[in-house]
Structure formats: C-alpha cells, structure tokens
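Colleague: Heads up, our numbering is the position in the sequence shown plus 408, with the first residue counted as 1. Every residue gets a Cβ at the ideal spot worked out from N, C-alpha and C, and that includes glycine.
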Amino acid sequence: MSKEHNAVIVEDLNMKGMSQALNFGKSVGDNGWGMFLRMLEYKLMFLGKQFLKIDKWFPSSKTCSKCGNVKEELKLSERSYKCECCGIEIDRDYNAALNIKNIGKEILKY
Numbered sequence: 409m410s411k412e413h414n415a416v417i418v419e420d421l422n423m424k425g426m427s428q429a430l431n432f433g434k435s436v437g438d439n440g441w442g443m444f445l446r447m448l449e450y451k452l453m454f455l456g457k458q459f460l461k462i463d464k465w466f467p468s469s470k471t472c473s474k475c476g477n478v479k480e481e482l483k484l485s486e487r488s489y490k491c492e493c494c495g496i497e498i499d500r501d502y503n504a505a506l507n508i509k510n511i512g513k514e515i516l517k518y
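(1) Using the three-state DSSP reduction, which class does K490 fall into: helix, strand or coil?
(2) I515: buried (16+ other C-beta within 10 angstroms of its C-beta) or exposed?
(3) Classify E497 as helix, strand or coil using the three-state DSSP reduction.
(4) Give the DSSP bridge partners of F459, in chain order.
(5) Would the beta-carbon of D420 fall within 8 Å of that of K464?
Put into structure tokens, the structure is as follows:
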C-alpha cells in the first residue's frame with residue numbers, strides 16, 4: 409500500500425476510551441494500534457510519502473459523505489448511515505472512511 413499511494417490518512421482512535429466504553433477489556437487496549445501507526449508513519453517517511461492523522465473528535469461517522477450534513481445523534485448499533493437531507497443510505501464505516509479520505513485530501517491541498 410505504501411508504495412502505491414502518495415499519502416495515507418488515518419483516524420486517530422482513542423483505544424483506551426473504546427475499551428472502557430464498549431466493555432472490550434484488554435482486547436482493544438492490547439491490539440498495538442499505536443505501534444502500528446508509528447511503524448506505518450516511519451515506513452511512509454522512509455519512502456518520501458505523507459502520513460496524516462485525522463483528529464479523533466472529527467465526526468467522521470456522523471457526517472454525510474455526500475452533502476456534509478452532520479447528525480447530532482448516531483447510535484453505535486446503527487450500522488448504516490441514512491441522511492435526512494440528501495437521502496443517501498450507506499454503510500456507516502464506509503461513510504466514515506469516505507469522510508476521512510475527503511478531509512485528508514482537503515488538508516493535503518495546502
């Protein structure tokens with residue numbers, strides 16, 4: 409992946425908070441997410457590529473990837489995103505990934 413693309417954009421996740429809030433216990437805390445991101449960043453820097461972390465408070469799941477409308481409430485149990493403004497219905501995680509990609513592209517324009 410790092411040889412095919414010029415930039416990698418990831419969401420900075422609060423793994424400790426996720427493990428406590430979702431009752432995952434140690435399985436989330438011990439998954440090595442931070443180490444993975446450090447190694448990925450090093451590899452990209454070595455190849456002359458860009459690595460960008462999007463703030464963990466950016467509402468990637470609550471924002472419509474088509475029109476930009478932001479929902480006030482979105483339960484974790486809701487696995488699809490339905491926009492009241494434009495009517496799009498899309499997988500919640502795919503919608504968040506599109507938003508992360510789009511905000512990363514905007515930041516990298518400068």
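Modeller: Put simply:
(1) strand
(2) exposed
(3) strand
(4) V416
(5) yes
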